[in-house]
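Take a look at the structure:
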C-alpha cells in the first residue's frame, strides 16, 4: 500500500487567524477486500459520526455499494456492510463511504473499486492536524491489514513473458520436428557452416533452438500474461456468493496455462541436460 501525503495551504506564522487545511491521501492497491474489511472501515466513520452527535456537532455519514447488476444501495448505517447484510448475496464491485463534519468542513472519503481502474483510496481533510493524522493512521492501519493480492505477475512482466514464450516456442519446435519433410536438394552455404558449427558445439544448437522459441512464443505468452493480470486485479472485492466471484473461479484454469506454457519448457530442459547438450 502506497501512502502519499499532501499538505494543503501555506503556513504563515505572521497571521495567527489563518486556518490551515490539511489533506492526507492513502492509495490502496494489491489487496483482496472482503465484506468484513469494508465493515471495519465503515464502523470507524460511523463511530466518528456518533461522537459528533454527542458533542452537538453537525455531521453526516453515507455508505454506498454498487453491484455487478448495476444496482446500487445507499445507507447512513454501517450495518449495510456487516456479515448479515443482504449484500452478502450480491456481487459487489465498488464501495464508497463519506463522513462530513460541517462545523469545520472536515471530511473523510473512502473509495474501493474492483479491478485495475478507479481511485482506490482514503482521503482525510480538515483544519485540525491532530484529527487528520489520527484518522489517517487509524484507517490506514485497517486498510493495511487487508489480505495482500498476489502481484508477482504484475511485478515481473519480462520474466513471465520470457518463460511462457520459451514454453510455447518449445511446443512449436516439437511440432515442426514431428512434421515429415523432404531435405532440400541444395543447402545454402550459411546453413552448411551453421550445421558444422552445431556439430562442433552441440550445446550451441540447443541454445539456438531455445532462442528461436522466444519470438515464436511471444504472442501467445503475452495473451496468457494478460489473462493472468485479470485473475489478480489490483483490488479484488470478494463480496458475494462463491459462484459469482469470477476471479477465484478462473484461477482454476491457471494449471492449464502452466501445463501448456511452462511444463514443455521444463521437460525440454531436463531432456537436454540428460543428453548433455546444454551443460
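In our numbering, the protein residues as written are 1143 to 1421.
The beta-carbon is built from N, C-alpha and C at its ideal position, and this holds for glycine as well.
Beta-bridge pairing by DSSP links residue 1175 to 1379.
Judged by DSSP in its simplified three-state form, residue 1268 adopts strand. Relative to residue 1204, the option among 1198, 1190, 1210, 1213 whose CA is nearest is 1190. Residue 1180 places its beta carbon less than 9 Å from that of residue 1237. Judged by beta-carbon spacing, residue 1166 lies within the 9 Å limit of residue 1267, meaning their Cβ atoms are closer than that value.
For residue 1235, the enclosing beta strand (DSSP E) stretches over residues 1234–1243.
The region 1268–1288 makes no contact with the region 1297–1306: fewer than 3 CB pairs, one atom from each, lie closer than 8 Å. Under the three-state reduction of DSSP, residue 1253 is assigned to strand.
Comparing alpha carbon positions, the residue from 1296, 1301, 1361, 1385 closest to residue 1374 is 1296.
For residue 1210, there is no enclosing beta strand (DSSP E), as DSSP gives it neither H nor E. Secondary structure of residue 1384 (DSSP, three-state): helix. Shown here, residue 1190 sits in a helix according to DSSP, grouped into three states. Collapsing the DSSP output to three states places residue 1163 in coil. By the neighbour-count criterion, in which 16 or more other beta carbons inside 10 Å mark a residue as buried, residue 1213 falls on the exposed side. In its chain, beyond the 5 residues on either side, 1235, 1236, 1375, 1377, 1378, 1379 have a beta carbon closer than 7 Å to the beta carbon of residue 1256.
Take the alpha-carbon of residue 1383 and the one of residue 1215: they are about 18 Å apart.
Counting only the Cα atoms, residue 1343 lies some 48 Å from residue 1258. Contact check for residue 1274 and residue 1389: beta-carbon distance about 35 Å, past the 8 Å limit, so the pair fails to qualify.
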